[in-house]
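> All the letters of the sequence shown, read from the start, carry residue numbers 16 to 360 under our numbering.
Handing you this structure, nothing more for now.
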Amino acid sequence: MAFTRRPLLSRRSILAAGLAAPALIGLGRAAQAATVLKLSHQFPGGTIDEGDFRDRMCRKFAAAVKERSKGAIEVQVYPGSSLMKTNAQFSAMRKGALDMSLYPLPYAGGEVPETNIGLMPALVTSYPQAMAWKTAPVGRKLTEILQAKNIVLVSWVWQAGGVASRDRALVRPEDAKGLKVRGGSREMDLMMKAAGAATLSLPSNESYAAMQTGACDAVITSSTSLISFRLEELSKSLTSGRGRSYWFMLEPIMMSKAIFDGLPKDQQDLIMAVGAELESFGQEGAQADDTRVEQIFSKAGAKVETLDEATLNRWRDIARDSAWKDYAAKSSSCAEMLKLAEAVA
């Protein structure tokens, strides 16, 4: 039987292999230790410096977490519902199938009725009032409820909203009669119905198509969404949320508690710290868009109007007798949430 002689390894080759082995093992350990988190949202994508401030906030969050964890955590941002459909994101986080999302909280109202407090018409009417929620009893209660549903609130983001109308303006309650309106939450729809409107439920990223086809006459959404979804192209009127509004939505960065609990304590602390630090960026972005939306709609030829205090009070009266009453009747937990929220002036 013939044998094939294998070439002898040189001393240099053996030494090189020996030196390389620890480095390869180290790389393997680093790769194994790295944690990748997927952060999904429904809003248009951009860059860390340009575009929808909510997408930019997510990208800033990702960059800060990666830098401060020295690469131990990588956050991948998926804008425009590119990872999964908008309405599926909350449930996916609860199950641990999605790590994180910047998500309009009232979209979760079908699963957790208490979350509809995050877009209760005329309950929050200013940014200082909205931002006070986090440390007030209502904020602590909301945090507890979400944690019980496997959700961690990472970064609080509030936005004022306005109304884009295809034809006639929607400013006063009597203006709503006969209009098909997208309100953004069940409670907002109840107020609009009480004022005489017909309503339809859809995510804000579907608003353009609804207005374009005539399925919707007026869209109420955040100033940023009015800009990002180019609703000025279809509108003859804007009711701005700058200064005061009956539409304030909580759109926080949230995280699956199952994923969060699986991280080491130092990484949990880092995520929460970065989330808190970015809240000022979120508030500044929202307020800047309240002004910018007026400029964009005006330039496109739309008539821009604002709410005065008397008109806002009329909307609040309608909301209190319809949406607030309905919400409080859902459960003792909802009734408590509303009472705590009313206490935040």
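For each residue, glycine too, the CB sits at the ideal point set by N, CA and C.
All values derive from a computational prediction rather than experimental measurement.
1) Can you list, in chain order, the residues of its chain whose CB lies under 8 Å from that of Thr62, leaving out five sequence neighbours each side?
2) Locate the alpha helix (DSSP H) running through Ser55, then write down its first and last residues.
3) Around the Cβ of Thr336, are there at least 16 other Cβ atoms within 10 angstroms (buried) or fewer (exposed)?
4) Unbroken beta strand (DSSP E) runs of length 3 or more, entirely within the stretch 113-169: which are they?
5) What residue range is occupied by the uninterrupted alpha helix (DSSP H) comprising Thr236?
6) Look at Asp232 and Arg181 and say whether their C-beta atoms are less than 8 Å apart.
7) Determine the DSSP secondary structure at Gly362, reduced to helix, strand or coil.
8) Nearest-angstrom Cα distance between Leu42 and Asn165?
9) One question on the structure: do Ser368 and Arg183 come within less than 8 Å of each other, judged by their Cβ atoms?
10) Which same chain residues, not among the five before or five after Asp341, have their C-beta less than 6 Å away from its C-beta?
11) For the alpha helix (DSSP H) containing Tyr223, list its first residue and its last residue.
12) Using only alpha-carbon positions, find the residue among Ala344, Asp114, Ser255 that is nearest to Thr321.
13) Taking the straight line between their C-alpha atoms, what separation do you get for Ala360 and Gln144?
14) Return helix, strand or coil for Tyr342, following the three-state DSSP convention.
15) If you count every other CB in all the chains shown that lies within 10 Å of the CB of Gln91, and 16 or more means buried, which is it?
16) Could you check what DSSP says for Val196 in three-state terms: helix, strand or coil?
17) Hey, quick one: how far does the beta strand (DSSP E) through Thr254 stretch, first residue to last?
18) Give the straight-line distance between the Cα atoms of Gln93 and Val167, rounded to the nearest whole angstrom.
19) Can you give me the Cβ contacts of Leu355 inside the same chain, cut-off strictly under 8 Å, excluding the 5 residues immediately before and after it?
20) Measuring straight from C-alpha to C-alpha, what distance separates Thr50 and Ala225?
21) Can you name the start and end residues of the beta strand (DSSP E) that Leu265 belongs to?
22) Enumerated in chain order, which unbroken segments of the beta strand (DSSP E) with a length of 3 residues or greater are wholly contained in the stretch 240-313?
23) How should Pro119 be labelled, buried or exposed, when 16 other C-beta atoms within 10 angstroms of its C-beta is the threshold for buried?
24) Determine which residues share a DSSP beta bridge with Thr214 and list them.
25) Look at the Cβ atom of Thr101, then the Cβ atom of Pro218, and state whether they are nearer than 8 Å.
26) Rounded to the nearest angstrom, what separates Ser295 and Glu189 at their Cα positions?
27) Sorted by chain position, which residues of the same chain lie with C-beta nearer than 7 Å to Ser116's C-beta, five sequence neighbours on each side aside?
28) Determine the burial state of Lys280: buried for a count of at least 16 other Cβ atoms within 10 Å of its Cβ, exposed for fewer.
29) Locate the beta strand (DSSP E) running through Glu320, then write down its first and last residues.
30) Pull the bridge partners of Glu89 from the DSSP assignment, please.
31) Go ahead and pull the three-state DSSP assignment for Arg69.
32) Give me the Cα-Cα distance between Pro325 and Leu185, rounded to the nearest whole angstrom.
33) Using the three-state DSSP reduction, which class does Ile40 fall into: helix, strand or coil?
34) Could you tell me the distance, in whole angstroms, from the CA atom of Ser238 to the CA atom of Ser106?
35) Taking C-beta to C-beta, are Ser200 and Gly124 nearer than 8 Å?
36) Nearest-angstrom Cα distance between Ala38 and Gly133?
Taking the geometry as given:
1) Arg71, Arg74
2) No alpha helix (DSSP H) contains Ser55, which is instead part of the beta strand (DSSP E) from 50-55.
3) The residue you asked about is not Thr; residue 336 is Asp in the sequence shown. Burial call: exposed.
4) Correct list: 115-117.
5) First-last for Thr236: 233-237, but that is the beta strand (DSSP E), not the alpha helix (DSSP H).
6) yes
7) Outside the modelled stretch of the chain, which goes from 16 to 360, sits residue 362, for which no answer is possible.
8) Only weak support is given to the placement of Leu42: the predicted model assigns it a pLDDT of 45, under 50, and the value that follows is read from those uncertain coordinates. Each residue's alpha carbon lies about 34 Å from the other.
9) A query on residue 368 cannot be resolved here, the shown segment of the chain reaching from 16 to 360 and no further.
10) Leu205
11) Residues 222-228.
12) Ser255
13) Linking Ala360 to Gln144 through their CA atoms gives a straight-line distance of about 6 Å.
14) helix
15) Sixteen is the threshold: since fewer than 16 other Cβ atoms of the shown chains lie within 10 Å of the Cβ of Gln91, the residue is exposed.
16) strand
17) 252-254
18) Here residue 93 is Tyr; the residue named in the question, Gln, does not match the sequence. Rounded to the nearest angstrom, the two C-alpha atoms are 19 Å apart.
19) Ala151, Pro152, Val153, Lys156
20) 40 Å
21) 263-265
22) 252-254, 263-265, 268-271
23) buried
24) Val196
25) yes
26) 37 Å
27) Leu54, Ser55, His56, Gln104, Met108, Met269
28) exposed
29) 318-320
30) Val51
31) helix
32) Per the sequence shown, the amino acid found at residue 325 is Ala instead of Pro. Distance between the alpha carbons of Ala325 and Leu185: 15 Å.
33) Model confidence at Ile40 stands at a pLDDT of 40, short of 50, so the residue's coordinates are unreliable and nothing is read from them.
34) Rounded to the nearest angstrom, the two C-alpha atoms are 26 Å apart.
35) With respect to Gly124, Ser200 sits close: the two C-beta atoms are nearer than 8 Å.
36) Since pLDDT at Ala38 reaches only 42, below the 50 mark, its modelled position is unreliable, and the value read off the structure follows with that caveat. Rounded to the nearest angstrom, the two C-alpha atoms are 51 Å apart.
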